[in-house]
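First residue of the sequence shown? That's 1 in the working numbering, and the numbers climb one at a time after it.
Remarks on the structure that follows.
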Amino acid sequence: MMSDPRIMRMEAKGPEGTGMETWEEIDPKDLVAGTPVQRGHMYHDDPQTGLQVGVWDCTPMTTKMGPYPVNEYMHVLEGSVTMVHEDGSEETIRAGEDFIIPKGTPCIWKQTEYIRKFFVIFDDPSGALAEDKDALRIIRPQPHGELAAADAGDPAAFTGTVPEIQAHTWFTDPTGQMVVGVWEANAMERPVGPIGRCELMIPVK
1 MMSDPRIMRM EAKGPEGTGM ETWEEIDPKD LVAGTPVQRG HMYHDDPQTG LQVGVWDCTP
61 MTTKMGPYPV NEYMHVLEGS VTMVHEDGSE ETIRAGEDFI IPKGTPCIWK QTEYIRKFFV
121 IFDDPSGALA EDKDALRIIR PQPHGELAAA DAGDPAAFTG TVPEIQAHTW FTDPTGQMVV
181 GVWEANAMER PVGPIGRCEL MIPVK
């Protein structure tokens, strides 16, 4: 299924009237604890590019240590999850927080309570992995962290005044196709026209 080329408002519990569907059972061979039940709704699913965007929830579980199979950005809506690193250190991500797991990162997903999240998965068909093994770690974007001036691009792309833009990139996959960052701009307006990329936007308060 490939989504329609239109702006979609993602609902925290799936589309009104249909909600989320129960997804297939997680393979018990991948678990060390729990009998999780997962549900979700896919807002965008393009098997040709490996891009998926949706909302997901799940009951408690703990997976086995292993390389994370995809590049994934997650915004936690409810509950929490603790990511266990290969060296045994842990990071807990709670509701309202974001994190990124680069493909190939050795980790354990330890979830002791219900969780619900928005997600963006990019599984590049090439299978490219980061060459720097130190880059294979959990990344925690800071929405209110320091930003730097960014180029607004072609002035003709705006109606009226060209905005002042500040931004910071927290993650770029090895192919340069998936980028996660923080972006802010003052008031602006663009003329109607095609957008050359897929983008998930979450307002920062």
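Glycine included, C-beta positions come from ideal geometry on N, C-alpha and C.
The model shown is predicted, which means the values in this text are computed figures rather than measured ones.
| query | result |
| --- | --- |
| The segment 151 to 162 in contact with the segment 115 to 125 per 3-pair CB rule at 8 angstroms | no |
| P28 in three-state terms, based on DSSP | helix |
| For V32 and Q177, the rounded distance between their alpha carbons | 34 angstroms |
| Beta carbon of P163 nearer than 8 angstroms to that of N186 | yes |
| Close Cβ partners of A149 (< 8 angstroms) along its chain, the five nearest in sequence each way excluded | E164, I165 and Q166 |
| Segment contact, 8 angstroms Cβ cut-off, at least three pairs: the segment 108 to 115 with the segment 81 to 96 | yes |
| Contact between the segment 68 to 76 and the segment 91 to 101 (3+ Cβ pairs under 8 angstroms) | yes |
| Candidates L147, V182, D173 and R94: closest to M131 by CA position | Sequence check: residue 131 is Glu here, not Met. When only C-alpha atoms are compared, the closest one is D173. |
| Cβ-Cβ separation, Y114 to P91 (assumed contact under 8 angstroms), whole Å | Before going on, a small fix: residue 91 reads as Glu here, not Pro. Actually they do not touch by this definition, with Cβ atoms about 19 angstroms apart. |
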